[in-house]
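These notes are about the structure you will find just below.
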Amino acid sequence: MQIRELEEADFDSLSELILKVYDEMPYATTFEKRPSAETLSALMRRKLEGMRNRTLADFVAVEGGKVVADCEIVKTTDSGGLVGILVARDHRKKGLGRRLVEKCADRAKLYKMLEVYAEIDERNDGAAAFFSRCGFREQEGEDSLVMVRSL
Ligand SMILES: CC(C)(COP(=O)(O)OP(=O)(O)OC[C@H]1O[C@@H](n2cnc3c(N)ncnc32)[C@H](O)[C@@H]1OP(=O)(O)O)[C@@H](O)C(=O)NCCC(=O)NCCS
Numbered sequence: 020m021q022i023r024e025l026e027e028a029d030f031d032s033l034s035e036l037i038l039k040v041y042d043e044m045p046y047a048t049t050f051e052k053r054p055s056a057e058t059l060s061a062l063m064r065r066k067l068e069g070m071r072n073r074t075l076a077d078f079v080a081v082e083g084g085k086v087v088a089d090c091e092i093v094k095t096t097d098s099g100g101l102v103g104i105l106v107a108r109d110h111r112k113k114g115l116g117r118r119l120v121e122k123c124a125d126r127a128k129l130y131k132m133l134e135v136y137a138e139i140d141e142r143n144d145g146a147a148a149f150f151s152r153c154g155f156r157e158q159e160g161e162d163s164l165v166m167v168r169s170l
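Pasting the structure below:
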């Protein structure tokens, strides 16, 4: 298993992963409907642009040439970043998600982020448990579940 920064050539494989997770649990993604090729291509452009201008950290896990997990932290305020993570179903519970969060957190710190937060759908108990195990704590006073961790 290789862990490295996202590259432009990962586009097809990352799109496949996103669509698989969307079909499995749409509420675990940020898409309101199944993303089209154009939406996925805009997402990839946004990621690469953010990596270039140091407002987005993005690491993938690659096995046999395929992206099996992706994590991004995107700067949303002067010092805060929003985390998004997807691990392919048959690669979960093996520590990959945690490894990617730690890689992205280290990079986000270099990009002057001081804290990172996750927005979690109320149906996604697994993600809440995962973020809690990764040191995130529930933010008081939010309507939806928001979990935060200092960097
Ligand atoms: C949530 C997700 C990223 C976790 O990735 P993962 O690679 O399976 O997580 P890890 O193996 O690194 O787990 C780290 C810790 O979290 C715990 N954990 C992970 N998934 C869990 C779950 N569904 N229920 C309870 N605990 C869980 C692990 O047991 C481990 O605990 P430990 O500290 O005792 O070792 C993965 O399930 C996923 O991609 N889900 C679909 C997309 C999603 O929900 N993304 C988050 C949107 S907010």
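For the sequence shown, the numbering used here assigns the number 20 to the initial residue and increments by one for each residue that follows. Quick reminder that beta carbons are idealized off the backbone N, C-alpha and C, glycines included.
| Check | Outcome |
| --- | --- |
| heavy atom of ligand 1 below 7 Å from Phe-50 C-beta | no |
| Inter-residue spacing [alpha-carbon to alpha-carbon] between Glu-68 and Leu-101 | 16 Å |
| Per DSSP, cross-strand counterpart(s) of Cys-90 | Phe-78 and Ile-104 |
| For Gly-145, the residue or residues it bridges with in DSSP | Answer by DSSP bridge pairing: none, since Gly-145 is not bridged. |
| N- and C-terminal bounds of the beta strand (DSSP E) containing Tyr-136 | 134-139 |
| Alpha carbon of Arg-53 to alpha carbon of Ser-34, nearest angstrom | 11 Å |
| Coarse secondary structure for Leu-12, derived from DSSP in three states | The structure shown does not extend to residue 12, since the chain is modelled only from 20 to 170, so the question has no answer here. |
| 6 Å CB neighbourhood of Ile-92 in its chain, flanking five on each side removed | Ala-76, Gly-100, Val-102, Cys-123, Ala-127 and Val-135 |
| Buried/exposed call for Ala-66, threshold 16 Cβ in 10 Å | The sequence given here has Lys at residue 66, not Ala. Burial call: buried. |
| Cβ distance (whole Å) where Ala-107 is taken to contact Lys-39 below 8 Å | 7 Å |
| Gly-99 - DSSP class collapsed to helix/strand/coil | strand |
| Contact under 8 Å by Cβ, Val-81 with Arg-23 | yes |
| Whole-Å CB distance - Leu-25 paired with Phe-78, under 8 Å assumed | 7 Å |
| Helix, strand or coil at Lys-85 according to DSSP, with G and I counted as helix | strand |
| Arg-156 versus Met-44, Met-166 and Ala-148, residue with shortest Cα-Cα distance | Met-166 |
| Lys-94, buried or exposed, once every other Cβ within 10 Å from all chains shown has been counted against 16 | buried |
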